[in-house]
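Visitor:
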Amino acid sequence: MHTNSLYQEVILDHNRKPRNYGKLDHASHHATGHNPLCGDRLDITLQLEDDQINSIAFQGESCAICKASASMMTAAVKGKSRANAETLIHEFRELATGKLDTNQPHHLGRLTVFSGIRDLPTRVKCAILPWHTLHAALNSLDSASTEADDSAPAMPNHS
Amino acid sequence: MTPVNASLKSDVSSSPDWEKIRADFPILQLKIEGKPLAYLDNAASSQMPQQVIDRLVRYQTTQHANINRAVHYLSEVATLEYHNARCKLQQFINAREDREVIFTSGTTDSINLVMHGYGRKFIKAGDEIILTTLEHHSNIVPWQMLANEKGATIRVVPINDKGELDIDEYEKLFNERTKFVGLIHVSNALGTINPIKGMIDFAHRHGVPVLIDGAQAAPHITIDVQALDCDFYTFSAHKLCGPTGIGILYGKAALLEAMQPFKGGGDMITSVTFEKTIYNTIPHKFEAGTPPIAAAIGFGAAVDYLTAIGIEQIAAYELGLLEYATACLNDIPGVRIIGTAAEKTAVISFAIDGIHPHDIGTILNQDGVAVRTGHHCAQPVMQRFNVPATSRASFAFYNKKTEVDALVAGIKTVQKIFL
Ligand SMILES: Cc1ncc(COP(=O)(O)O)c(C=O)c1O
């Protein structure tokens, strides 16, 4: 896998100009995600009405992979039902950990640009963090951590 | 015993043949993503020369048995070699006696030993422990655990914008409640070399013992614990071209004798009944259970290897790399070096405007360049410089200028991708 096929223009573009960046004033649900490996954090706020995500925003300090993943995620789940969002969360986790067969029908669309991440186990968590956090927000868990994720390999946190 | 010699001329006046020394390290021949490996993560763990690998193999193939137990041949050889390794470490740090050198599993383990053995016995409610902003988490967390347990307080020495300790503030922290000082010799995150001799003397004038975390110092600075007069000194073998899972704690004999054991079990006792256990003498009191015998012997071989090259020669060569790399990185617009102390080891932490260290690390890896990205287990340092993380290149004596060039080229690629 070549890194440049990961840092594709779509990802670089979402990193440069993140969509839905910021914080909703009247959020019905929110959660903060942490990646203790690098100290990154991400806040997600969203407005759920009749089980549909009417609006969603994210903000935080993170790497390009995490930021682009969050940006594309918010664009993908806006207007979707909670159930559809959970399906995307599941499929994205499967994609990032190399378990999704992209030849079978799925709902990820352009999010498949992240398929290369499976070859960089140290970075899988960066891509998944926004999705974890969204899952936590939808389930009113307040916070999420990549370390609670058993789908990604545990990475050492050492110097 | 076959001496372990580095590949160099024994003539001290001439400078070592660094190319030949580099060839001692088989792992440096690796290719990563088709590019030659430029291993610049030596502060995390350094690589092992063939001489040390061979020593491990020789032990395992001809000398292994449990130590301090049986009277058979192998047990005697293993016991002797384990003891010899301790004596090599004693000489390496110029300790007065070999029983002042305790084998631990590494720096973290050593500090926990002192926290449990010394801290839990002698630190009381209301006492104060002085640490510095530069400490690695391993010299923070154990003391926090102790402070919480005892109701003691931690006081922290600040640093300036270059990453140097504020010695005036250090001295002002002392009062009659001060009972312990934990001090990092060389910062793993920034490379700052701290003026520990003066700091130890100052603490002693207040009757306060000092533990030095030498994990980043021992590979680059000649350590003389008697000249330093420190009470405890610790480092890990894996940063000194030795194996993982082994390190030492040096402690002054009188202190070690006054301390309570950390772990209980076999080897650390003189006699056991269910009513009472009599503890063994030092160092055995602190070495419960079967130790990593092979690793200890490998550690001895590693310090032999480094001593044969000469720590001073190593430091001088690495300083050349540091100066070259610093100049190169300062020349790249948008790159900022974090940690610019006057006295530094060959460590460069840096930030690139607008680009997260993890993205930098991933892209550098594509060029075969291995750097560390993250908080380096030193989050207080990151907070002081207002960054969540940095990228860090750390050099060893087997690195060469062309590897610095590979780093520079990689940084330029990173900047181009994120333009
Ligand atoms: C300054 C410093 N102290 C302590 C440690 C911990 O060493 P170890 O992980 O070998 O216990 C390290 C390295 O990880 C370090 O750089």
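Those protein sequences? They're chains A and B, same order as listed. All residue numbers for the first sequence refer to this note's numbering, where the first residue is 630 and numbers rise by one. All residue numbers for the second sequence refer to this note's numbering, where the first residue is 2 and numbers rise by one. Using N, Cα and C, we set each Cβ at its ideal position, and we do this for glycine too.
Let me know the alpha helix (DSSP H) ranges lying completely inside the stretch 297–361 of chain B, each 4 residues or longer, listed in chain order.
Guide: For the stretch 297–361 of chain B, whole alpha helix (DSSP H) runs of length 4 or above, ordered along the chain, are 312–331.
Visitor: Is ASP110(B) near ligand 1, with its Cβ less than 8 Å from a heavy atom?
Guide: Translated into the one-based positions of the second sequence, residue 110(B) becomes position 109. ASP110(B): yes, Cβ under 8 Å from ligand 1.
Visitor: Taking 8 Å as the cut-off, does the CB of SER744(A) come closer than this to any heavy atom belonging to ligand 1?
Guide: To locate residue 744(A), count along the first sequence from 1; it is residue 115. Result no, Cβ not under 8 Å from ligand 1.
Visitor: Quick check on this structure: which residue in ALA216(B), THR179(B), HIS186(B) and SER76(B) has the alpha carbon closest to the alpha carbon of ARG206(B)?
Guide: Walking along the second sequence from the start, residue 206(B) turns up at place 205. Nearest option by C-alpha distance: THR179(B).
Visitor: For MET260(B), I'd like the list of residues in its chain whose CB is within less than 7 Å of its CB, leaving aside the five on either flank, ordered along the chain.
Guide: Within the second sequence, residue 260(B) is the residue found at index 259, counting from 1. Hits under 7 Å: GLY118, TYR119 and LYS122.
Visitor: Quick test of the definition: if touching needs 3 or more C-beta pairs under 8 Å, does the stretch 691–707 of chain A touch the stretch 343–362 of chain B?
Guide: With a cut-off of 8 Å, the stretch 343–362 of chain B and the stretch 691–707 of chain A count as touching, because enough Cβ pairs lie within range.
Visitor: So which residues of chain A does ASP360(B) contact, with C-beta pairs closer than 8 Å?
Guide: The sequence position of residue 360(B) within the second sequence is 359, counting from 1. Those within 8 Å of ASP360(B) in chain A are TYR636, CYS692, ALA693 and ILE694.
Visitor: By Cβ distance, which residues of its chain are closer than 6 Å to THR341(B), with the 5 residues on each side in sequence left out?
Guide: By one-based count along the second sequence, residue 341(B) stands at place 340. So the qualifying residues of the chain are LYS163.
Visitor: Does THR751(A) get closer than 9 Å to chain B when you measure Cβ to Cβ?
Guide: If you number the first sequence from 1, residue 751(A) lands on position 122. Yes, because at least one Cβ of chain B sits closer than 9 Å to the Cβ of THR751(A).
Visitor: Label ALA714(A) either buried or exposed according to how many other C-beta atoms from any shown protein chain fall within 10 Å of its C-beta, with 16 as the threshold for buried.
Guide: Residue numbering aside, residue 714(A) sits at position 85 when the first sequence is read from its first letter. Classification for ALA714(A): buried.
Visitor: Between the stretch 720–733 of chain A and the stretch 675–687 of chain A, can you find at least three pairs of beta-carbon atoms closer than 8 Å?
Guide: Contact between the stretch 675–687 of chain A and the stretch 720–733 of chain A is absent, because fewer than three Cβ pairs lie under 8 Å.
Visitor: Taking C-alpha atoms, which residue in PRO262(B), VAL72(B), LYS89(B) and GLY152(B) lies nearest to VAL115(B)?
Guide: As a first step, residue 115(B) is located in the second sequence; it is residue number 114 there, counting from the start. Among PRO262(B), VAL72(B), LYS89(B) and GLY152(B), the Cα nearest to that of VAL115(B) belongs to PRO262(B).
Visitor: Quick check on GLN227(B): buried or exposed, where buried means 16 or more other Cβ atoms within 10 Å of its Cβ?
Guide: Within the second sequence, residue 227(B) is the residue found at index 226, counting from 1. So GLN227(B) ends up on the exposed side.
Visitor: Can you list the residues of chain A that HIS376(B) reaches, using a CB-CB cut of under 8 Å?
Guide: Taking the first residue of the second sequence as 1, we reach residue 376(B) at position 375. The contacting residues are CYS667 and GLY668.
Visitor: Could you tell me whether the Cβ of LEU641(A) comes closer than 9 Å to any Cβ of chain B?
Guide: Along the first sequence, read from residue 1 onward, the residue named residue 641(A) stands at position 12. It does; some Cβ of chain B falls within 9 Å.
Visitor: Inspect the beta-carbon positions of ASP42(B) and SER395(B) and report whether they are closer than 9 Å.
Guide: Here residue 42(B) is taken as the residue at index 41 of the second sequence, counted from 1. Here residue 395(B) is taken as the residue at index 394 of the second sequence, counted from 1. Yes; because the gap between Cβ atoms is below 9 Å, this pair is in contact.
Visitor: May I have the straight-line CA-CA distance separating TYR1(B) from ALA303(B), to the nearest angstrom?
Guide: The displayed coordinates of chain B run from 2 to 420. Any statement about residue 1(B) would go beyond what the structure contains.
Visitor: Please state the DSSP three-state secondary structure of ASN140(B).
Guide: Working through the second sequence from its first residue, we reach residue 140(B) at position 139. Here ASN140(B) sits in helix by DSSP.
Visitor: On the three-state DSSP scale, how would you describe PRO277(B)?
Guide: Within the second sequence, residue 277(B) is the residue found at index 276, counting from 1. Looking at the sequence shown, residue 277(B) is not Pro but Lys. In this structure, LYS277(B) counts as coil in the three-state DSSP scheme.
Visitor: Please check if any C-beta of chain B sits within less than 9 Å of the C-beta of ASN732(A).
Guide: Against the first sequence, residue 732(A) aligns to sequence position 103. So, not an interface residue.
Visitor: Kindly indicate if chain A contains any beta-carbon less than 9 Å away from that of PRO389(B).
Guide: Within the second sequence, numbered from 1, the residue matching residue 389(B) stands at position 388. Yes, PRO389(B) lies at the interface with chain A (some Cβ there is under 9 Å from its Cβ).
Visitor: Here's the rule: buried if 16 or more other CB atoms are within 10 angstroms of the residue's CB, otherwise exposed. What is CYS231(B)?
Guide: Indexing the second sequence from 1 puts residue 231(B) at position 230. With 16 or more Cβ atoms within 10 Å of its Cβ, CYS231(B) is classed as buried.
Visitor: Apart from the five residues on each side of it in sequence, which residues of its chain come closer than 6 Å, Cβ to Cβ, to TYR234(B)?
Guide: Against the second sequence, residue 234(B) aligns to sequence position 233. If we look at TYR234(B) and ignore the five residues flanking it on each side, its Cβ neighbours are ILE213, GLY215, VAL226 and TYR251.
Visitor: Run through DSSP, which three-state label would ASN400(B) get?
Guide: The residue given as residue 400(B) occupies position 399 in the second sequence. Coil.
Visitor: Report, in whole angstroms, the separation of the C-beta atoms of GLY183(B) and ASN140(B), which I expect to be a contact under 8 Å.
Guide: Residue numbering aside, residue 183(B) sits at position 182 when the second sequence is read from its first letter. Residue numbering aside, residue 140(B) sits at position 139 when the second sequence is read from its first letter. Indeed, because the Cβ distance is near 5 Å, the residues count as touching under 8 Å.
Visitor: Is the CB of THR193(B) under 9 Å away from at least one CB in chain A?
Guide: Residue 193(B) sits at position 192 when you count from the first residue of the second sequence. So no, THR193(B) is outside the interface.
Visitor: Is the Cβ-Cβ distance between ALA347(B) and ALA39(B) less than 9 Å?
Guide: Here residue 347(B) corresponds to residue number 346 of the second sequence, with the count starting at 1. Here residue 39(B) corresponds to residue number 38 of the second sequence, with the count starting at 1. Their beta carbons are not under 9 Å apart, which means ALA347(B) does not touch ALA39(B) by this criterion.
Visitor: Compare the C-beta of HIS787(A) with all C-beta atoms of chain B and state if any pair is closer than 9 Å.
Guide: Indexing the first sequence from 1 puts residue 787(A) at position 158. Low per-residue confidence applies at HIS787(A): pLDDT is 38, beneath 50, and the placement is therefore not dependable, though the value from the model is reported in the following sentence. True, the Cβ-Cβ gap to chain B drops below 9 Å.
Visitor: List the endpoints of the continuous alpha helix (DSSP H) containing ARG206(B).
Guide: Counted from its first residue, the second sequence places residue 206(B) at position 205. 197–206 is the extent of the alpha helix (DSSP H) around ARG206(B).
Visitor: Looking at the unbroken beta strand (DSSP E) that takes in GLN227(B), where does it start and where does it end?
Guide: As a first step, residue 227(B) is located in the second sequence; it is residue number 226 there, counting from the start. From DSSP, GLN227(B) is part of no beta strand (DSSP E) but of the alpha helix (DSSP H) over 226–229.
Visitor: Flag this pair as yes or no: are the beta carbons of VAL382(B) and LEU166(B) separated by less than 9 Å?
Guide: Within the second sequence, numbered from 1, the residue matching residue 382(B) stands at position 381. Within the second sequence, numbered from 1, the residue matching residue 166(B) stands at position 165. Not a contact, by the Cβ cut-off of 9 Å.
Visitor: Got a sec, what are the start and stop residues for the beta strand (DSSP E) SER744(A) sits in?
Guide: Working through the first sequence from its first residue, we reach residue 744(A) at position 115. Segment: none, SER744(A) is in no beta strand (DSSP E) and carries neither H nor E.
Visitor: Taking the alpha helix (DSSP H) that ASN85(B) falls in, what are its first and last residues?
Guide: The count along the second sequence starts at 1 and reaches residue 85(B) at position 84. Start and end: 74–94.
Visitor: I'd like to confirm something about GLY248(B): is its beta-carbon nearer than 8 Å to some heavy atom of ligand 1, or not?
Guide: Walking along the second sequence from the start, residue 248(B) turns up at place 247. Flag set: Cβ of GLY248(B) near ligand 1.
Visitor: If you measure from the beta carbon of MET383(B) to each beta carbon in chain D, is any gap under 9 Å?
Guide: The structure shown contains no chain D; its protein chains are A and B.
Visitor: At a Cβ cut of 7 Å, what residues of the stretch 144–173 of chain B count as close to chain A, listed as they run along the chain?
Guide: Within the stretch 144–173 of chain B, no residue has a Cβ that lies closer than 7 Å to any Cβ of chain A.
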